[in-house]
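Asks: Dumping the structure here so I can ask a few things about it.
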Amino acid sequence: MATEMALVKPISKFSSTSSTPIFSNSRYGKFATVRMSSTSQPTTKTASKGGKKAAKTAIKETLLTPRFYTTDFDEMEALFNTEINKNLNQSEFEALLQEFKTDYNQTHFVRNKEFKEAADKIDGPLRQIFVEFLERSCTAEFSGFLLYKELGRRLKKTNPVVAEIFSLMSRDEARHAGFLNKGLSDFNLALDLGFLTKARKYTFFKPKFIFYATYLSEKIGYWRYITIYRHLKENPEYQCYPIFKYFENWCQDENRHGDFFSALLKAQPQFLNDWKAKLWSRFFCLSVYVTMYLNDCQRTAFYEGIGLDTKEFDMHVIIETNRTTARIFPAVLDVENPEFKRRLDKMVEINEQLLAVGETEDIPLVKNLKRIPLIAALASELLATYLMPPVESGSVDFAEFEPRLVY
Ligand SMILES: [Fe+2]
Ligand SMILES: [Fe+2]
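Start counting the sequence shown at 1; every next residue gets the next number (UniProt numbering).
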């Protein structure tokens, strides 16, 4: 998984979103281990480890932070039981498995001394926002690793081919997360992944929702990485940290992961062929696109720092992801209708007002009262966007589907 995805449903939680810098010690700490806590209060403590002081920072978790997922593994087993499900095209999964076994990126993630040198040159507010980018990306990749690893383990007996693909995808995600975590070490930080595994709250999704959500996460991740890569290739003056040079091959991992979920969805036509599937498809598209847009608009300094216009970048990613998704989902949002972007921008405004309420000196009761009309306005924008006339899609000819590289 390459990107964060959060449900926009429990809107009241937006109130806990904070723009407070989460790495207050990132520049000055000797070496800091960053932890993500599931509590709403950030805490910082200093611990002594092997004679060296390590500052351990707990990060505030909000609705917009990357999620960790868990699912109904028994239902998953039933879905991938070839005796129960006759739609499982084992030869297609065998072909995908060969792709994953080839391991195109086995030797890709090798660092060099450019990393540390570049990190030392990143200064000012950009440094903080850069660290946050690495930390969020690492968390998102790591969440994919955990989910895929568990699926690989649980499906071993029922469907060894599908199980092995999951295990190989967890290999990829572990590599991605590890590479990002090494990047954090250039900034004298490290994510405590063991702690993350235990301390984070896991969001439960039924298998079909895992399929929709992870498919979108992988494809949107692909489009984010390739767009940044292409932009920096054309504008090398913004190439301030070498990690972006790795995105071209990296994003092909995400693309393959997405294609695997596409094959999984095809093997479960009940998730694609009725009115409920259409409603859920649109819902997940909305959740993923809005979450990314609101998140990125809170971090424009990062995108501007690498020479991108945040909103333009996001709209490009959303449109391309939506076009890709339309090949498999039975319905998608009409993101190319100007009304869609207008509504997204309105949501950004409301979200900014919500954030501003959180930063006032008011007592909690007053803050909550101020939030009510804003939350109502956000909910109505979300609903109006959801109810925009959708694009009927999913015309992909299932029989012709083959895994392939997309550039
Ligand atoms: Fe990844
Ligand atoms: Fe992935």
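The C-beta atom is built at its ideal place from N, Cα and C for all residues, glycine as well.
1. Could you tell me how far apart the beta carbons of F115 and D186 are, in whole angstroms, since I believe they sit closer than 8 Å?
2. Return yes when the Cβ of T324 is within less than 8 Å of the Cβ of I261, no when it is not.
3. Buried or exposed: where does S281 fall if 16 or more other Cβ atoms within 10 Å of its Cβ makes it buried?
4. Quick check on the burial criterion: 16 or more other C-beta atoms within 10 angstroms. Buried or exposed for E75?
5. Helix, strand or coil for F205? Go by DSSP, reduced to three states.
6. With 16 as the cutoff for other CB atoms within 10 Å, does S287 come out buried or exposed?
7. Does DSSP put E359 in a helix, in a strand, or in coil?
8. Taking the C-alpha atoms as reference points, what is the distance between D253 and A140?
9. Going by DSSP, which residues form a beta bridge with E392?
10. Answer with buried or exposed for L151, where buried requires no fewer than 16 other C-beta atoms within 10 angstroms of its C-beta.
11. Over the uninterrupted alpha helix (DSSP H) stretch that includes T325, give me the two end residues.
12. Got a sec: does ligand 2 put a non-hydrogen atom nearer than 7 Å to the Cβ of D253?
13. Just confirm the distance between the C-beta atoms of A190 and N181, as a whole number of angstroms; I'd bet it's less than 8 Å.
14. Tell me, please, which residues DSSP counts as bridged to L279.
15. Starting from residue 417 and walking both ways along the beta strand (DSSP E), at which residues does that stretch end?
16. Tell me whether the beta-carbon of Y238 lies closer than 8 Å to the beta-carbon of I306.
17. For ligand 1, is there any heavy atom lying closer than 7 Å to the beta carbon of E141?
Replies: Let me spell this out:
1. With a Cβ gap of about 5 Å, F115 and D186 count as contacting.
2. This sequence places Phe at residue 261; Ile is not what is there. Against a cut-off of 8 Å, the Cβ pair of T324 and F261 comes out as no contact.
3. Looking at its Cβ environment, which holds 16 or more other Cβ atoms inside 10 Å, S281 is buried.
4. Counting other Cβ atoms within 10 Å of its Cβ, E75 stays below 16 and is therefore classed as exposed.
5. Correct three-state label for F205: strand.
6. S287 should be labelled buried.
7. In the three-state reduction of the DSSP assignment, E359 falls in the coil class, being assigned neither a helical nor a strand state.
8. Approximately 14 Å, taken between the alpha carbons.
9. A331, per the DSSP bridge assignment.
10. It is buried - the Cβ of L151 has at least 16 other Cβ atoms within 10 Å.
11. Start and end: 310-325.
12. Under cutoff, so the answer is yes.
13. At roughly 6 Å, the Cβ-Cβ gap stays under 8 Å, so A190 and N181 are in contact.
14. According to DSSP, L279 shares a beta bridge with no other residue.
15. Residue 417 lies beyond the stretch modelled for the chain, which goes from 1 to 407, so this question has no answer here.
16. Cβ atoms of Y238 and I306: closer than 8 Å.
17. Flag set: Cβ of E141 near ligand 1.
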